[in-house]
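I have placed the structure first, in the form of structure tokens, so that the comments after it can refer back to it.
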Amino acid sequence: MAKLRTVYLCQKCGHQAPKWSGQCPSCDEWNTLHEEVISKSKAPLELTTNYRQDGLKSKPINLQLIESVRRRKLITQDNEFNRVLGGGIVPGSITLIGGHPGIGKSTLLLQIALSGRGTVLYVSGEESEEQIKMRADRVGEAQGECLIYSETDTTQILKEAAKIQPDLLVIDSIQTLRSPGLDSAPGSVTQVRESTSELQRFAKESNIPIVIIGHINKDGAIAGPKILEHIVDTVLQFEGDSNYRFRILRSLKNRFGSTDEMGIYEMNTSGLRMVENPSAMLLNQYDLNLSGSTTAAAIESARPLFVETQALVSTAVYGNPQRSSTGFDTKRMNMLLAVLEKRCGMRFGTMDVFLNIAGGLKIVDPSMDLAVVAALVSSLQDIPVNKKMAFSGEVGLSGEIRGVSRMEQRVQEANRLGFTDIFIPKFNLKGLDQARFDIRVHPINVLPELFEGLFA
Ligand code: TYD
Ligand code: MG
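Every number in this note's numbering is 5 more than the matching position in the sequence shown, counting from 1.
Here it is in structure tokens:
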């Protein structure tokens, strides 16, 4: 009879404790310790299988003798996906893609699997073959050979993959995999960790790249311990609001490229479509000049993105005023409100403030500040801001406007999109060749200067 041992594992950091406690002693999170059964009977899988094509054990090798060909990237048909990965999928690499349920992870990877020229093995523990076929019919035809495998047993999957030798292995999702050597339930820390390291060993030995889908928990972290993110080479996040069409693919960690890259997609009835020229996609579609609405000339991953920023400031009816924002950091909004109170004498103290970045995307560019401030003031005073004005600049705690990167690119794009005015930090005026543009450039130093030009 196998000897059973139970331990308490923190679902967040993977800490192992012999008995339950409310708070994890390692990461200080509450209620994260869960009981898991560890069977000590079976031999560890590492000792049993060897996935190297030549069947040899690996041995030390001179760096100069390693062929660079082994690093040849697999370039998919999806330019946005290639861009985020830094040019393509590196052989033998493991990519983890996380996102909320229903955001489109399975759709994205099925599209990539279908568009691949070689052989792709798509393993799904979540959907049946028929369900995947239904989805595939919606998103397009297979270019190469796309094999669908509905299985959750990690050893079985890898045995099959070693036989097929695909150009790419897709796992949907890591939380459904089960390592036969372990008794704990699929999705538990032990299972996720064991399956991932098993996959990693397979990828490194066989040189076949693997893309793994991972679910995200309520806090936005990939379910399972952080350890998972250490094992894999690349961590991508697929985000957006499932009520809207737009999705952003961001890179959080990349051993082979920059994490500045971002891909933008649009979800429509026939799957995800790449958005090649995203700068104007989030702009206001109405012709009316409404108070509380401004346009930010933001840059995300070196690409200009103009977004409509909306604010609503109204008198608070009950006790504490409400402060809420979607797509923009609420703490940052509170900071901007404090700066407006202190430096410009504007009274937001008794007001409810709501802020919304249109399109359901979260933009992290600090240059959004200026558009947010303009929207807040426009709503407070109920005076519309001209729709043809764009804003770009970071606001400091003293109400000073701080310089931001790539100003030339922002001004050029605003000019191209037909804006008549752009407000920028005075600092950014240096080196900006205004004669090249028709747009009026308003350099500002401190916040009060913004309001002089704004409602003129
Ligand atoms: P899915 O890829 O199943 O999400 P995930 O794997 O991240 O949980 O995406 C499901 C959503 O996408 C679903 O709500 C329907 C929508 N969808 C479309 O709008 N168009 C399409 O062509 C497809 C395939 C899905
Ligand atoms: Mg899915």
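We put the CB at the ideal spot given by N, CA and C, even for glycine.
Hey, out of R252, I137 and I169, whose CA is closest to M286's CA? R252
Under 6 Å, CB to any heavy atom of the ligand TYD. Which residues pass, going along the chain? G104, P106, G107, I108, G109, K110, S111, T112, R140, R143, V144, M272, T274, S275 and G276
Ordered along the chain, which non-local residues of its own chain (more than five positions away) have a Cβ less than 7 Å from that of D158? These residues qualify, in order along the chain: R183 and P185.
Using the Cβ count rule (16 or more neighbours within 10 Å means buried), how would you classify N325? exposed
Rounded Cβ spacing between S200 and I236 (contact assumed at less than 8 Å): At roughly 10 Å, the Cβ-Cβ gap does not stay under 8 Å, so S200 and I236 are not in contact.
Residues bridged to Y13 by DSSP? A22 and E40
Between D292, L288, P430 and A303, which lies nearest to E313 when the distance is taken from Cα to Cα? L288
Which listed residue (G364, V369 and L360) has its alpha carbon closest to that of A380: L360
Kindly indicate which residue of V322, L173, L341 and T195 has the alpha-carbon position closest to the one of T181. Sorting V322, L173, L341 and T195 by C-alpha distance to the C-alpha of T181 places T195 at the top.
Out of curiosity, what's the CA-to-CA distance linking R75 and I66? At R75, the pLDDT of 49 sits below 50, so the modelled position is not reliable and the matter cannot be decided from this model.
Quick one, are the C-beta atoms of F442 and V377 less than 8 Å apart? no
For K78, the three-state DSSP class (helix, strand or coil): The answer is coil: DSSP assigns K78 none of H, G, I, E or B.
Find the nearest neighbour of G93 within the set R260, V12, V416 and N55, judged by alpha-carbon distance. Proximity to G93 across R260, V12, V416 and N55 peaks at R260, based on C-alpha coordinates.
Give a yes or no on contact between the region 237-252 and the region 13-30, applying the rule of three or more CB pairs nearer than 8 Å. no
Does Q315 pass the burial test, meaning 16 or more other C-beta atoms within 10 Å, or should it be called exposed? Q315 should be labelled buried.
Report the rounded CA-to-CA distance for V446 versus S193, giving the unit in angstroms. 56 Å
In whole angstroms, what is the alpha-carbon distance linking R348 and G401? 11 Å
Since I believe S383 is in contact with S263 (beta carbons under 8 Å), could you give me their beta-carbon distance rounded to a whole number of angstroms? Not quite, the Cβ-Cβ distance comes to about 37 Å (not below 8 Å), so this is no contact.
Suppose you measure from the CA of P448 to the CA of G408; what does that come to, to the nearest Å? 11 Å
With a threshold of 6 Å on Cβ separation, who are the neighbours of Q3 within its own chain once the five nearest residues in sequence on each side are excluded? The displayed coordinates of the chain run from 6 to 461. Any statement about residue 3 would go beyond what the structure contains.
Buried/exposed call for L52, threshold 16 Cβ in 10 Å: Legend: pLDDT at L52 = 46, less than 50; position of this residue unreliable, value from coordinates given subsequently. It counts as exposed.
Threshold first: 3 residues or longer. Then list the beta strand (DSSP E) segments lying entirely within the region 206-290, N to C. 215-220, 239-245, 251-259, 267-273 and 276-279
Can the beta-carbon of L310 be found closer than 8 Å to that of I368? yes
Is E131 near the ligand MG, going by C-beta to nearest heavy atom under 7 Å? yes
So, is L455 buried or exposed, given that buried needs 16 or more other C-beta atoms within 10 angstroms? buried
Please state whether DSSP places N361 in a helix, a strand or coil. strand
Give the list of continuous alpha helix (DSSP H) stretches no shorter than 4 residues that lie fully inside the region 315-398. 335-349 and 373-386
From the DSSP output, read off the bridge partner residues of I94. L79
N433 classed as buried or exposed, judged by whether at least 16 other C-beta atoms fall within 10 angstroms: buried
If E266 and G91 are in contact, beta carbons under 8 Å, what's the gap, nearest whole angstrom? Between E266 and G91 the beta-carbon gap is near 7 Å, inside 8 Å, which marks them as a contact.
Inter-residue Cα distance where the pair is S120 and Q161: Rounded to whole angstroms, S120 and Q161 show a C-alpha spacing of 26 Å.
Quick one: does the C-beta of D172 sit closer than 7 Å to a heavy atom of the ligand MG? no
Below 8 Å CB to CB, which residues in the same chain sit around P283 once its five sequence neighbours on both sides are set aside? I269, R308 and L310
Own chain residues within Cβ distance below 6 Å of T425, not counting five before or after: Taking T425 as the centre and dropping the five residues before and after it, the same chain places the C-beta of K393 closer than 6 Å to its C-beta, in chain order.
How big is the Cα-Cα spacing for A301 and N212? Rounded to whole angstroms, A301 and N212 show a C-alpha spacing of 44 Å.
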